[in-house]
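Residue -7 is where the sequence shown starts when you use this note's numbering, and the numbers rise one by one after that.
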Amino acid sequence: MPTDIVMPQMGESIVEGTITKWLKKPGDKVQRDEPLFEISTDKVDAEIPAPASGVLQEIKVAEGTTVGVNTVVGTISVDGEASAAKPKPAPQKPAEAKQEAPSSSNVPSAVTGPSGARSPEPASPPVQEDEEEARSSPLVRKIAREHGVSLSQVTGSGLGGRITKQDIMQFIESQGSQPAAPATPARSAEQGSTAAAPAAPRPAAPAPYPGDLVPMSNMRKLIAKHMIESRRTSAHVHCMYEVDFTRIVNLRSKLKNGFEQRHGVRLTFMPFFVRAAIMALQQWPIINANIEGDNIRYHRNINVGIAVALDWGLIVPVVKNAGDLNFLGLQRGITDLGERARNKKLKPEDVEGSTFTVTNPGQFGAVFGLPIINQPNSAIMGVGGITKMPLVITDKDGNDSIAIRSVVHLTLGYDHRLIDGAVADQFMAQVKKNIETWSEEVG
């Protein structure tokens, strides 16, 4: 029997999805877990994998059509039925594609998809069980056993060197990226068969000309909705601080090559800003709080949303429990979220639960920005471009001199209903101090 392809439920509150693109056409061969089509929902843009290997027999729902979750959108004939299956043409997009259904959204858009399994290297002799338990959770130890990995080989990024789930998964992936053993003849033949039938390339859509009227994408409509709602909800105020970033620039230049060789991840500037903000949030928890009716919700955890600019929009994946991570853990978390966002591998839970947001318009050359608050947060920190400027430097004896320094402008957008100007300024003064007097171990 053919295998049904269904519209997945990408989160508890998601009740429908729009098929934005089919990546295969009827008659194409597909492999299980190979990207098959793309969807857009109220919370996520997602790349959906094939549920089985075989031939795409029929497309039941055309691109641009919105249907409820669990709706059958196509079928795959299994390998044994492929020769007998007659592919049916894809349906034409109806004049009115939208099928009304309730929806809800609290975050900007995000994307998701599964990650393929990797083949780990042979494991070293395991460390003693009590040592493993002290450095990891039961979930981490279970993953390590399933993949034949000794936790003694894994560098922990949690507090006190504790090994997190992300640490073990990144180690497994890095081992899987090593050269693999030659495939058996049978496997090689299978791979050759798969490679012989690539998906037909789709012609690029023509760029709109001046004067054209084109519909907004689902992501763009949601971004527009959230920005207007945030402006209507929060009493936006901004303050901006000039920060001498020379110490960090010099430190990164000195450590970046060795950092990447040791940990397999590039050393960027973003975790310095995030870590400086986390330390200040721990001193000023009102910045990490939000309004709920006539009450104030103080959050136990610091979950930092990191705004990621994509070619097709903007998303804000979240580094969960960021206050419990050391510098290496922050760098890994930020890098992982950014890469998965750009490769459509985020999950719905990756964009939920932020308590504070950091955005970086400076990467494009902006001196500073006045960002809109990411609801339901009460504050967002904008990072400007890093530029060299002449500054007046005062030494310990009170003597002034002019020097060329690396400077960055940081902006805090905050909800004046909850956060007073004096508190916002004290928070940003602490962020500035944390950066200019940086002494924390980078790794």
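Just so it is clear, CB atoms sit at the ideal spot from N, CA and C, and this is done for glycine as well.
- [ ] Please report the Cβ distance between residue 237 and residue 398, rounded to the nearest whole angstrom; I am assuming they are in contact, meaning their Cβ atoms lie under 8 Å.
- [x] The pair is a contact, with the Cβ atoms about 5 Å apart (cut-off 8 Å).
Task: Three CB pairs or more closer than 8 Å across the stretch 220 to 232 and the stretch 255 to 271 - done: They do not touch, by the three-pair rule.
- [ ] Using the Cα positions of residue -2 and residue 42, report the straight-line distance between them to the nearest angstrom.
- [x] C-alpha separation (whole angstroms): 10 Å.
- [ ] Would you mind stating whether residue 345 and residue 310 have Cβ atoms separated by less than 8 Å?
- [x] Inclusion of residue 345 and residue 310 in the CB contact set at 8 Å is warranted, their separation being smaller than that value.
Open item on the list: Quick check on this structure: which residue in 24, 2 and 333 has the alpha carbon closest to the alpha carbon of residue -5?
Closed with: Comparing Cα-Cα distances from residue -5 to each of 24, 2 and 333, the minimum goes to 24.
- [ ] Tell me whether the beta-carbon of residue 318 lies closer than 8 Å to the beta-carbon of residue 431.
- [x] It is not a contact, given that the beta carbons lie outside the stated cut-off.
Open item on the list: Pop quiz: residue 375 and residue 265 are said to be a contact at Cβ under 8 Å. What is the actual Cβ separation, rounded to whole angstroms?
Closed with: With a beta-carbon spacing of about 5 Å, residue 375 and residue 265 fall inside the 8 Å limit used to define contacts.
Open item on the list: If distances are taken between C-alpha atoms only, which option among 385, 380, 40 and 218 comes closest to residue 357?
Closed with: Closest by alpha carbon: 380.
Task: Element boundaries [alpha helix (DSSP H), containing residue 215] - done: If you look at residue 215, you'll find it in the alpha helix (DSSP H) that goes 210 to 225.
Task: Three-state secondary structure (DSSP) of residue 92 - done: Residue placement at residue 92 cannot be trusted, given a pLDDT of 39 that sits under 50; the coordinates are not used to answer.
Task: Cβ pair count under 8 Å reaching 3, the stretch 211 to 222 against the stretch 381 to 389 - done: Counting C-beta pairs with one atom in each stretch, the stretch 211 to 222 and the stretch 381 to 389 have fewer than three that are closer than 8 Å, which means they do not touch.
TODO: With DSSP as the reference, please indicate the residues paired to residue 374 in a beta bridge.
DONE: Beta-bridge analysis with DSSP links residue 374 to 351 and 403.
Open item on the list: Short of 6 Å in beta carbon distance, which residues of its chain neighbour residue 70, apart from the five on each side in sequence? Order them along the chain.
Closed with: So the list reads 46, once near-sequence residues are dropped.
Open item on the list: Pull the bridge partners of residue 397 from the DSSP assignment, please.
Closed with: In the DSSP assignment, the residues bridged to residue 397 are 381.
Task: Beta-carbon proximity check, residue 50 vs residue 18, cutoff 8 Å - done: In contact: residue 50 and residue 18 (Cβ atoms closer than 8 Å).
- [ ] Specify the secondary structure class of residue 49 as computed by DSSP and reduced to three states.
- [x] Reduced to three states, the DSSP call for residue 49 is strand.
Open item on the list: Per DSSP, what are the beta-bridge partners of residue 301 in this structure?
Closed with: Paired residues: 306.
TODO: Rounded to whole angstroms, what's the CA-CA distance from residue 12 to residue 56? Just pull it up for me.
DONE: Approximately 5 Å, taken between the alpha carbons.
Open item on the list: By the three-class DSSP mapping on this structure, what secondary structure does residue 165 have?
Closed with: Helix at residue 165.
Open item on the list: Between the alpha carbons of residue 342 and residue 247, how many angstroms are there, rounded?
Closed with: Their backbone Cα atoms lie some 30 Å apart in a straight line.
- [ ] Consult DSSP for residue 503 and reduce its assignment to one of helix, strand or coil.
- [x] For residue 503 there is no data in the structure shown, the boundaries of the chain being -7 and 435.
Task: Reference residue 400; option with closest CA among 315, 352 and -7 - done: Considering only alpha carbons, the answer is 352.
Task: Endpoints, beta strand (DSSP E) assigned at residue 438 - done: Residue 438 falls outside the range modelled here, since the chain spans only -7 to 435, and no answer is possible.
TODO: Using a threshold of 8 Å, state whether the C-beta atoms of residue 419 and residue 404 are closer than that.
DONE: Contact: yes.
- [ ] Mind checking who residue 358 pairs with in its DSSP beta bridge?
- [x] Within the DSSP bridge table, the entry for residue 358 names no partner.
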